[in-house]
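**Student:** Supplied in structure tokens, the structure appears directly below.
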Amino acid sequence: MLEQILCIDDDPITLMLCKKVIAKSSFSKEIITAPNGEEALHHFNTLKYNNKNKVSKKPELIFLDLNMPVMGGWEFLDHFTSKAYSEFNTAKVIVLSSTIDPHDLAKAKKYPIIIDFLSKPITKPMLEYLKKKMEL
Numbered sequence: 001m002l003e004q005i006l007c008i009d010d011d012p013i014t015l016m017l018c019k020k021v022i023a024k025s026s027f028s029k030e031i032i033t034a035p036n037g038e039e040a041l042h043h044f045n046t047l048k049y050n051n052k053n054k055v056s057k058k059p060e061l062i063f064l065d066l067n068m069p070v071m072g073g074w075e076f077l078d079h080f081t082s083k084a085y086s087e088f089n090t091a092k093v094i095v096l097s098s099t100i101d102p103h104d105l106a107k108a109k110k111y112p113i114i115i116d117f118l119s120k121p122i123t124k125p126m127l128e129y130l131k132k133k134m135e136l
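Numbering (UniProt numbering), first residue to last: 1 to 136.
Here it is as structure tokens:
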């Protein structure tokens with residue numbers, strides 16, 4: 001079981017579904033959410049600030065939507081994989097998208113941090129597959 005997961009998606013229903021399915025599957029002890037990439041980066045900036053005083057939990061896995069207002073998934077990844085966020089790059093990313101565009105699949109392969117590209121919505125069998133893949 002993971003300690004903490006971050007779900008980044010602009011759809012509140014998707015976020016609610018993610019939380020419910022993850023909780024029922026005993027996949028993670030804690031699930032945090034962000035409505036877009038900018039809010040997710042803000043979360044990591046807060047962790048950076050807090051880590052100067054004490055050690056805060058870092059998400060071990062990120063479920064990331066690609067198409068979001070304010071800051072989408074690709075822009076988030078460009079920032080998150082930069083040197084500024086290197087202390088958090090141990091987190092793995094699962095792209096969870098409603099589109100399976102071949103261009104997006106090809107682009108995802110350019111980011112070593114992305115371990116899979118799955119279609120929404122998240123399901124219990126999907127989490128079982130990820131448990132095996134991540135050897136949890």
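All C-beta atoms in this analysis are idealised placements derived from N, C-alpha and C, irrespective of residue type, glycine included.
#1: On the premise that isoleucine 8 lies in contact with isoleucine 22, defined as a C-beta separation below 8 Å, what is that separation, rounded to the nearest angstrom?
#2: Determine whether the beta carbon atoms of aspartate 116 and isoleucine 94 lie at a separation below 7 Å.
#3: Provide the residue(s) that pair with valine 93 in DSSP beta bridges, ordered along the chain.
#4: How many whole angstroms separate the CB atoms of leucine 125 and leucine 17, which I take to be in contact at a CB cut-off of 8 Å?
#5: Tell me the rounded alpha-carbon separation between phenylalanine 27 and serine 97.
#6: At which residues does the beta strand (DSSP E) containing leucine 6 begin and terminate?
#7: Start and end of the beta strand (DSSP E) containing glutamate 30?
**Tutor:** If we stick to the structure as given:
#1: Mapped onto the sequence shown, residue 22 falls at position 22. Mapped onto the sequence shown, residue 8 falls at position 8. About 14 Å separates the two Cβ atoms, so there is no contact after all.
#2: Against the sequence shown, residue 116 aligns to sequence position 116. Against the sequence shown, residue 94 aligns to sequence position 94. In contact: aspartate 116 and isoleucine 94 (Cβ atoms closer than 7 Å).
#3: In the sequence shown, the residue the question calls residue 93 occupies position 93. DSSP, once it has assigned bridges, lists Ile62, Ile114 as partnering valine 93.
#4: Numbered from its first residue, the sequence shown carries residue 125 at position 125. Numbered from its first residue, the sequence shown carries residue 17 at position 17. Note that residue 125 corresponds to proline in the displayed sequence, not to leucine. Not a contact, Cβ separation roughly 14 Å.
#5: Here residue 27 refers to the residue found at position 27 of the sequence shown. Here residue 97 refers to the residue found at position 97 of the sequence shown. Serine 97 has its alpha-carbon roughly 20 Å from the corresponding atom of phenylalanine 27.
#6: Sequence index remark: in the sequence shown, residue 6 carries index 6 (1-based). Residues 2-8.
#7: As a working mapping, residue 30 is identified with position 30 in the sequence shown. Segment 28-34, the beta strand (DSSP E) holding glutamate 30.
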